[in-house]
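Residue numbers (the numbering used here): 2 to 511. Working notes, beginning with the structure itself.
Structural data, given as structure tokens:
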């Protein structure tokens, strides 16, 4: 115990002066605009107080019960999300491993050893010592040799004193890495939720186009009947009948072809929700008239609302702490060790005071020469930190670009939809006028077909614009981070143990 006290007194000044070497973390500046988004304007007015972000389950703004039910399955059944959840739990467990270095490592190695001495050595010893019996302990076997049983219950403990903060920096780095893994999980979850919504609206966009083509086929069938009747009356030509038939058949083929893309979207939605395509189906439905209002907020909020930005920022924090881990390699390591145990030949003596043995020691290890390896590792860590800062800023810029793109897309598509609706009305009016003139014998049937083809093209384009407006609104929601906020990051305490990590996962599903 006196040795232990002396070792502790020697180490006390070092423990008191312990610090964490390496740079303390400061979040890098992000390239943000001074005001609002460039494309902010028109129908995208500044949000009212407490209404500057989507909250909770963002897909509910579309008021579609079927979509709501499908989105709920993504967090539970999508296998890519499940994989990301497992990766986050793995990262959280790594934090637990790193934190274990704060405590001593204790090992026990009990043993029982049976041995027998050489008969020749025993005989020689006996002859040299007269009538001596040789060994004073053990059991004498044939020929004078002895069998010896040794019982050993050792207990060893070692502890590396974290004077320079290497362990603290390592825990800091692993914790930030685990938080980055959690943000990656949330980003993957948001990505697949948004992909599902886009596929859902694209599928129903095809349904709306199919409705249009079905009505058009019925109309073209009526025109074919009209043309045949006129041909039978000697008014129309055989060419008119052939053109009407060709137009009908072509439109029917277009209608049938939509089934290919619809089936693919349906299969994709099945996989996104963790279901085999063979057991999944969606009923035919149309599209909403216009996308819902999406609260935009200000650019600086993206730093809080985008999980990919949070992931990149946490990677910067992890890289910063990793510098400290490598800088600690410049300084000596101090290790305390102690050994104690019970040793006896007779098991009845094992748990008695004379069988107790112990030792306490301290060791200092310092690398005298490593040909610049430590310095190289520090430079490597610093370069990695610079790379993560650049990645963080690029992620912020990409986020800004995506929001601007989607704001512009929605604004332009809204104007295009209004123009296309006007074009559809004019084209339908042209079809009606040309049809009446054809019946009166003023124009030929080619003029009618041309007007019908123009009207159909405009109507299909109008449906496509409606579909694009819905999918673009989903992209805007995704670009704004959905209903996520970095307040959901579990923090260092949240990733310190697996149960709290699982709690963070469960909260992300809500």
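The beta carbon of each residue, even a glycine, is placed where N, CA and C say it ideally should be.
Exercise for review: Report the residue from 446, 56, 114, 268 whose alpha carbon sits nearest the alpha carbon of residue 278.
Suggested key: The residue given as residue 278 occupies position 277 in the chain shown. Taking only the C-alpha atoms, the option nearest residue 278 is 268.
Practice item. Please confirm if the region 228 to 246 is in contact with the region 169 to 180, defined as three or more CB-CB distances below 8 Å between the two stretches. Key: Because the criterion of three Cβ pairs below 8 Å is not met, the region 228 to 246 and the region 169 to 180 do not touch.
Practice item. State the Cα-Cα distance for the pair residue 489 and residue 273, rounded to the nearest angstrom. Key: Taking the first residue of the chain shown as 1, we reach residue 489 at position 488. Taking the first residue of the chain shown as 1, we reach residue 273 at position 272. Those two C-alpha atoms are separated by around 24 Å.
Point to revise | Three or more C-beta pairs below 8 Å linking the region 390 to 397 and the region 363 to 373 | key: In this structure the region 390 to 397 does not touch the region 363 to 373; the number of beta carbon pairs closer than 8 Å is below three.
Practice item. Would you tell me roughly how many angstroms separate the C-alpha atoms of residue 178 and residue 116, rounded to the nearest one? Key: Locating residue 178 in the chain shown gives position 177, counting from the first residue. Locating residue 116 in the chain shown gives position 115, counting from the first residue. Rounded to the nearest angstrom, the two C-alpha atoms are 53 Å apart.
Point to revise | beta strand (DSSP E) segments (min. 3 residues) lying fully within the region 428 to 511 | key: With a minimum length of 3 residues, no continuous beta strand (DSSP E) run stays inside the region 428 to 511.
Point to revise | Cβ-based burial, residue 243 [other Cβ within 10 Å; buried from 16] | key: Translated into positions along the chain shown, residue 243 becomes position 242. Residue 243 comes out exposed.
**Study point:** Beta-carbon contacts of residue 157 that lie in its chain and below 6 Å, excluding the five residues immediately before and after
**Key:** For the purposes of this step, residue 157 is taken as residue 156 along the chain shown, with counting starting at 1. Correct list, in chain order: 108, 340.
Practice item. Closer than 8 Å by C-beta to residue 386: which residues in its own chain qualify, once you throw out the five before and the five after it? Chain order, please. Key: Position 385 of the chain shown, counted from the start, is the residue given in the question as residue 386. In the same chain as residue 386, and ignoring 5 residues on each side of it, the C-beta atoms closer than 8 Å to its own belong to 317, 320, 321, 323, 324, in chain order.
Review point. Does the distance from the C-beta atom of residue 22 to that of residue 206 stay below 8 Å?
Key: Counted from its first residue, the chain shown places residue 22 at position 21. Counted from its first residue, the chain shown places residue 206 at position 205. In this structure, residue 206 does not lie closer than 8 Å to residue 22 by Cβ.
Review point. Is the CB-CB distance between residue 482 and residue 306 below 8 Å?
Key: Reading the chain shown from its first residue, position 481 is the one you call residue 482. Reading the chain shown from its first residue, position 305 is the one you call residue 306. Going by C-beta atoms, residue 482 is nearer than 8 Å to residue 306.
Review point. Who are the Cβ neighbours of residue 381 in its own chain at under 6 Å, not counting the five residues just before and after it?
Key: Taking the chain shown and counting its residues from 1, one reaches residue 381 at position 380. Excluding sequence neighbours, residue 381 sits near nothing in its chain.
Check your understanding: How would you label residue 91, buried or exposed, when you count the other beta carbons within 10 angstroms and need 16 or more for buried?
Key -> Taking the chain shown and counting its residues from 1, the one referred to as residue 91 is at position 90. Exposed, since its Cβ has fewer than 16 Cβ neighbours within 10 Å.
Check your understanding: Looking at the structure shown, is residue 20 part of a helix, part of a strand, or coil, going by DSSP?
Key -> Taking the chain shown and counting its residues from 1, one reaches residue 20 at position 19. In the three-state reduction of the DSSP assignment, residue 20 falls in the coil class, being assigned neither a helical nor a strand state.
**Study point:** Three-way DSSP call (helix, strand, coil) for residue 546 in this model
**Key:** Residue 546 falls outside the range modelled here, since the chain spans only 2 to 511, and no answer is possible.
Practice item. Classify residue 138 as helix, strand or coil using the three-state DSSP reduction. Key: Numbered from its first residue, the chain shown carries residue 138 at position 137. Because the pLDDT of residue 138 is 45, which lies under 50, any placement of that residue in the model is unreliable, and the question is left without a value.
Check your understanding: Just curious, the beta strand (DSSP E) that residue 368 is in, first and last residue?
Key -> The sequence position of residue 368 within the chain shown is 367, counting from 1. For residue 368, no beta strand (DSSP E) run applies, since DSSP gives it neither H nor E.
Practice item. Starting from residue 210, trace the alpha helix (DSSP H) both ways and give me its first and last residue. Key: Taking the first residue of the chain shown as 1, we reach residue 210 at position 209. For residue 210, the enclosing alpha helix (DSSP H) starts and ends at 167 to 233.
Exercise for review: Measure from the alpha carbon of residue 418 to the alpha carbon of each residue in 72, 35, 153, 292, then state which is nearest.
Suggested key: On the chain shown, position 417 is the one that residue 418 refers to. Comparing C-alpha distances from residue 418 to each of 72, 35, 153, 292 shows the shortest one belongs to 292.
Exercise for review: Can you tell me which of the three DSSP states residue 149 falls into?
Suggested key: Translated into the one-based positions of the chain shown, residue 149 becomes position 148. Looking at residue 149 - three-state DSSP - the assignment turns out to be strand.
**Study point:** Exposure label - residue 357; buried when at least 16 CB within 10 Å
**Key:** The sequence position of residue 357 within the chain shown is 356, counting from 1. It counts as exposed.
Exercise for review: Assuming residue 443 contacts residue 296 (C-beta within less than 8 Å), just tell me the rounded distance between them.
Suggested key: As a position in the chain shown, residue 443 is number 442, starting the count at 1. As a position in the chain shown, residue 296 is number 295, starting the count at 1. In fact, because the Cβ distance is near 55 Å, the residues do not count as touching under 8 Å.
Exercise for review: Measure the Cβ-Cβ separation of residue 31 and residue 397 and say whether it is below 8 Å.
Suggested key: Locating residue 31 in the chain shown gives position 30, counting from the first residue. Locating residue 397 in the chain shown gives position 396, counting from the first residue. Yes. Within cutoff.
Check your understanding: Beta carbon of residue 193, beta carbon of residue 82: below 8 Å?
Key -> As a first step, residue 193 is located in the chain shown; it is residue number 192 there, counting from the start. As a first step, residue 82 is located in the chain shown; it is residue number 81 there, counting from the start. Contact flag set, yes.
Review point. For residue 159, which residues does DSSP report across the bridge?
Key: Indexing the chain shown from 1 puts residue 159 at position 158. Looking at the DSSP assignment, residue 159 forms a beta bridge with 106, 338.
Practice item. Answer yes or no: do residue 365 and residue 335 have a C-beta to C-beta separation smaller than 8 Å? Key: Here the question's residue 365 lines up with position 364 in the chain shown. Here the question's residue 335 lines up with position 334 in the chain shown. Going by C-beta atoms, residue 365 is nearer than 8 Å to residue 335.
Exercise for review: State the Cα-Cα distance for the pair residue 37 and residue 300, rounded to the nearest angstrom.
Suggested key: For this step, residue 37 is matched to residue 36 along the chain shown. For this step, residue 300 is matched to residue 299 along the chain shown. The straight-line gap from Cα to Cα measures roughly 6 Å.
**Study point:** 8 Å contact criterion, which residue 1 and residue 163 should meet: CB distance rounded
**Key:** Nothing about residue 1 can be reported from this structure: the residues present for the chain run from 2 to 511 only.
Practice item. With distances taken Cα to Cα, identify the nearest neighbour of residue 402 among 24, 25, 33, 29. Key: For this step, residue 402 is matched to residue 401 along the chain shown. With distances taken between Cα atoms, residue 402 lies closest to 33.
Review point. Where does the unbroken beta strand (DSSP E) through residue 114 begin, and where does it stop?
Key: By 1-based counting over the chain shown, the position of residue 114 is 113. Annotation for residue 114: the continuous beta strand (DSSP E) segment containing it runs 112 to 117.
Practice item. For the alpha helix (DSSP H) holding residue 333, just list the boundary residues, first then last. Key: Residue mapping note: residue 333 aligns to position 332 of the chain shown, counting from 1. DSSP places residue 333 outside any alpha helix (DSSP H), giving it a letter other than H or E.
Point to revise | Cα-Cα separation, residue 48 to residue 210 | key: Position 47 of the chain shown, counted from the start, is the residue given in the question as residue 48. Position 209 of the chain shown, counted from the start, is the residue given in the question as residue 210. Interpretation of residue 48 is limited by its pLDDT of 44, a score under 50 that renders its predicted location unreliable; the figure taken from the coordinates is listed afterwards. Roughly 34 Å separates the two Cα atoms.
Exercise for review: State buried or exposed for residue 452, treating a residue as buried only when at least 16 other CB atoms are found within 10 Å of its CB.
Suggested key: Position 451 of the chain shown, counting from 1, holds the residue named residue 452. So residue 452 ends up on the buried side.
**Study point:** Same chain only: Cβ atoms within 6 Å of residue 460, ignoring 5 sequence neighbours per side
**Key:** Indexing the chain shown from 1 puts residue 460 at position 459. Closer than 6 Å at the Cβ level, and outside the excluded window around residue 460, lie 213, 425.
Point to revise | Own chain, CB closer than 7 Å to residue 468, minus 5 neighbours either side, in chain order | key: For the purposes of this step, residue 468 is taken as the residue at position 467 of the chain shown. The residues are 202, 203, 206, 288.
Review point. In this structure, does DSSP put residue 30 in helix, strand or coil?
Key: Taking the first residue of the chain shown as position 1, residue 30 is located at position 29. DSSP, reduced to helix, strand and coil, places residue 30 outside both helices and strands of the structure shown, so it counts as coil.
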